[in-house]
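Chains as they are written, first to last, in the working numbering: chain B, 1 to 297; chain U, 1 to 358.
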Amino acid sequence: MSFFFEVLIGGLLSGVMYSLVALGFVLIYKASGVFNFAQGAMVFFAALTYVGLLEQGFSPWLAVPATLVVMVILALLTERFVLRPLVNQPQISLFMATIGLTFFIEGLAQIAWGANVRGLELGVQDEPMQWLVEATGIGISKFDIVAAGVAAVLVTLIALFFNRTRIGRALRAVADDHQAALAVGIPLQQIWAIVWGVAGAVALVAGLLWGARNGVQYALTFVALKALPVLILGGFDSVPGAIVGGLIIGATEKLAEVYLGPYVGGGIEGWFPYVLALLFLLVRPEGLFGEKIIRRI
Amino acid sequence: MLYREAGQFKTSYETDAAIFPIRQDRIAMALVILVAFVAVPLFASPYIFTGILIPFLILTLAAIGLNILTGYAGQLSLGTAAFMAVGAFATYNFVLRIPGIPILLAFALSGVVAALVGIVFGLPSLRIRGFYLAVATLAAQFFIVWFLTKVGWISNYSSSGVITAQPIVILGYTFTAPAAKYLLVLSIVAVMALAAKNMARGNVGRSWMAVRDMDVAAEVIGIRLMRAKLLAFAVSSFYCGVAGALFAYAYLGTVEPEAFNLDLSFRVLFMVIIGGVGTVLGSFLGAAFVTLVPVLLSVSVRFLDRNLGLHIAESTISNLELMVFGGLIIFFLIVEPHGLARLWQIGKEKLRLWPFPH
Chain B
1 MSFFFEVLIG GLLSGVMYSL VALGFVLIYK ASGVFNFAQG AMVFFAALTY VGLLEQGFSP
61 WLAVPATLVV MVILALLTER FVLRPLVNQP QISLFMATIG LTFFIEGLAQ IAWGANVRGL
121 ELGVQDEPMQ WLVEATGIGI SKFDIVAAGV AAVLVTLIAL FFNRTRIGRA LRAVADDHQA
181 ALAVGIPLQQ IWAIVWGVAG AVALVAGLLW GARNGVQYAL TFVALKALPV LILGGFDSVP
241 GAIVGGLIIG ATEKLAEVYL GPYVGGGIEG WFPYVLALLF LLVRPEGLFG EKIIRRI
Chain U
1 MLYREAGQFK TSYETDAAIF PIRQDRIAMA LVILVAFVAV PLFASPYIFT GILIPFLILT
61 LAAIGLNILT GYAGQLSLGT AAFMAVGAFA TYNFVLRIPG IPILLAFALS GVVAALVGIV
121 FGLPSLRIRG FYLAVATLAA QFFIVWFLTK VGWISNYSSS GVITAQPIVI LGYTFTAPAA
181 KYLLVLSIVA VMALAAKNMA RGNVGRSWMA VRDMDVAAEV IGIRLMRAKL LAFAVSSFYC
241 GVAGALFAYA YLGTVEPEAF NLDLSFRVLF MVIIGGVGTV LGSFLGAAFV TLVPVLLSVS
301 VRFLDRNLGL HIAESTISNL ELMVFGGLII FFLIVEPHGL ARLWQIGKEK LRLWPFPH
């Protein structure tokens, strides 16, 4: 039984990491209706920039704000050269543009910092905590706990930002209706730059945590693909949905791999979340917390 | 002056609804077919056949398939490559397990198998739409590739699911020369492209377009949504399946399930978007763009590298290509959001007036 709980808790905690990536998607989708496929590339770019700056002799405390500045510049450039010319285009065009952006960022990151796999040390050990194993027989890494804590802080901050600040309210207005928001004098372009900047910051946090766990490498971009079933499970436009969806996906994926995997030859982690999310969508087509869409003729 | 409909009167409904209603179009089409079937095989080198023309035609077929689903019926799919994989592996099994089966029949049957798989993965489209559906089709992408890798029977128990395509034999003639393979692929693509164009102008195509534009309204005027959507998935997957079979048999030869990964799905989607959503011509233009740009990029980067003595590292070149390709996609979406096919439309408008300004 303790093995079951170990798998469950491990899954939940890795689900937190998925949530962090999904959060970046949700932010941008909420504020601009763009399905930003480049979020994974942004995670990769942020982690690579951080490690690259460390190699240049920056201290870790200086490298974080420096990377943040780079991510904000990237956000500003994206808004100016990709989003602004594509205002009022169908969503599919914007989606394709972000796939183009993905290629661009991946190429840029590897030209700027090289394509080698690098380790990233955050000063938190990624080993099961000894006292917990002795007390309950369940091995949980300290790193996972820290990651969960960081995610909790981040979500709280974002929730406060969305609900309590002027900019947050403007963001929600833009999400509801671009034209109406423009009509009451909300500067659309500034808002988009801000939201892409915030998504860049979220990508940095996700990149640091994922990079510390798996090493900073090209495979980080695939993490974004894992965030997609989280999104459809939770709903594209819901911050709590991203968190709850991440937890569900993380837990069921690990449980399925451990308990169902041996019967079908293993490796089902790759598609199980998608099939799960698909079956779930058949019951609730807009996800757990997504806004219900009413269609009229 | 060159291109005008004036004087071409239509006296029956059939002539009005013809695939190519204007004489100039028919002449142009005949010329293109003549060039493709006669002139190109005479002058092209084997590298051009195997490196450019054959993949271009095969990917065009896949793009037409996706265009039927996304462009005409409005159902966004990211699982194209998986349906291609189904086609490739189904053909392999038909040829392997049914001795003496004609290869063209095997291609067609594998298209049918892909269509059946497509219907299964199309079922969610009855409930969900938009990006939710797009992400849901990723389930098909990952599940099918995993399935083909894991189930040994499909690849005849070879390691990691690699299959080697059997030689293509039709009526005792073995297609090994690049030119012969090219002609075979070209014939199949030409017939299927015409069929797609024919479908698009008829009842089926119109019901798809109605579903695309607003499915609730389409349902109200009496289009059976379930039938229209599932038919779109089936036909689209049929095209992708045949394209996948050709991809394995006429292009790669030896293929593993991983060759049909998400990257290929995205490349086909690019072709549809860049070429023009909802046009068969666009599939050709888009496929030409996506196949040619990487080739041109690597040629031109190497040319610059040699002549300027920059000595760019190999990995930098491939990353640079990635960047330029991504940038070009964004550029094209901004400059011509309706795709390359729209440019052709504008060109036709211009030709209609030429040489007069109005």
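Even glycine gets a Cβ: it sits at the ideal position worked out from N, Cα and C.
Proximity test, Cβ basis, 7 Å: residue i and chain U
{"i": "residue 83 (chain B)", "result": "no"}
{"i": "residue 97 (chain B)", "result": "yes"}
{"i": "residue 285 (chain B)", "result": "yes"}
{"i": "residue 141 (chain B)", "result": "no"}
{"i": "residue 32 (chain B)", "result": "no"}
{"i": "residue 282 (chain B)", "result": "yes"}
Paired residues, beta bridge with residue i - DSSP
{"i": "residue 175 (chain U)", "result": "U:168"}
{"i": "residue 163 (chain U)", "result": "U:255"}
{"i": "residue 339 (chain B)", "result": "The structure shown has nothing for residue 339 (chain B), since chain B only spans 1 to 297."}
Neighbouring residues, chain U, relative to residue i (Cβ below 9 Å)
{"i": "residue 25 (chain B)", "result": "Result: empty, since nearest Cβ-Cβ is about 10 Å, beyond 9 Å."}
{"i": "residue 188 (chain B)", "result": "Here the premise fails: no neighbours, minimum Cβ distance about 17 Å."}
{"i": "residue 193 (chain B)", "result": "What residue 193 (chain B) touches in chain U: nothing, since even the nearest Cβ is about 17 Å away."}
{"i": "residue 267 (chain B)", "result": "146, 149, 150"}
{"i": "residue 106 (chain B)", "result": "319, 322, 323, 326"}
Three-state class that DSSP yields for residue i in the structure shown
{"i": "residue 238 (chain B)", "result": "coil"}
{"i": "residue 118 (chain B)", "result": "strand"}
{"i": "residue 141 (chain B)", "result": "strand"}
{"i": "residue 24 (chain U)", "result": "helix"}
{"i": "residue 143 (chain U)", "result": "helix"}
{"i": "residue 338 (chain U)", "result": "coil"}
{"i": "residue 237 (chain U)", "result": "helix"}
{"i": "residue 411 (chain U)", "result": "Past the edges of chain U, shown from 1 to 358, lies residue 411 (chain U), and the structure says nothing about it."}
{"i": "residue 209 (chain U)", "result": "helix"}
{"i": "residue 214 (chain U)", "result": "coil"}
{"i": "residue 354 (chain U)", "result": "coil"}
{"i": "residue 39 (chain B)", "result": "helix"}
{"i": "residue 152 (chain U)", "result": "helix"}
{"i": "residue 182 (chain U)", "result": "helix"}
{"i": "residue 229 (chain B)", "result": "helix"}
{"i": "residue 294 (chain U)", "result": "helix"}
{"i": "residue 70 (chain U)", "result": "helix"}
Beta-carbon neighbours of residue i, restricted to chain U and to distances below 7 Å
{"i": "residue 110 (chain B)", "result": "319"}
{"i": "residue 35 (chain B)", "result": "131"}
Proximal residues of chain B, C-beta to C-beta of residue i below 8 Å
{"i": "residue 329 (chain U)", "result": "96, 97, 99, 100, 103"}
{"i": "residue 135 (chain U)", "result": "228, 229, 231, 232, 274, 277"}
{"i": "residue 89 (chain U)", "result": "None at all; the shortest Cβ gap to chain B is about 17 Å."}
{"i": "residue 266 (chain U)", "result": "99"}
{"i": "residue 333 (chain U)", "result": "86, 89, 93, 96, 97, 100"}
{"i": "residue 76 (chain U)", "result": "92"}
CB contact below 7 Å: residue i versus chain B
{"i": "residue 132 (chain U)", "result": "yes"}
{"i": "residue 127 (chain U)", "result": "yes"}
{"i": "residue 73 (chain U)", "result": "no"}
{"i": "residue 15 (chain U)", "result": "no"}
{"i": "residue 124 (chain U)", "result": "yes"}
Residue i: contacting residues in chain U (beta-carbon distance under 8 Å)
{"i": "residue 236 (chain B)", "result": "131, 132"}
{"i": "residue 271 (chain B)", "result": "139, 142, 143, 146"}
{"i": "residue 115 (chain B)", "result": "315, 319"}
May I ask you to list, following chain order, the residues of the stretch 219-242 of chain U that have a beta carbon less than 8 Å from some beta carbon of chain B?
220
Beta carbons nearer than 7 Å to chain B: which residues of the stretch 147-160 of chain U have them?
150
Contacting positions in the stretch 238-254 of chain B - beta carbon closer than 7 Å to chain U:
none
Members of the stretch 269-283 of chain U near chain B, C-beta cut-off 9 Å
269, 270, 273, 274, 277
Which residues, in chain order, does the stretch 335-348 of chain U contribute to contact with chain B at a C-beta distance below 8 Å?
337
At a CB distance below 8 Å, what residues from the stretch 285-318 of chain U approach chain B? Give them in sequence order.
315, 316
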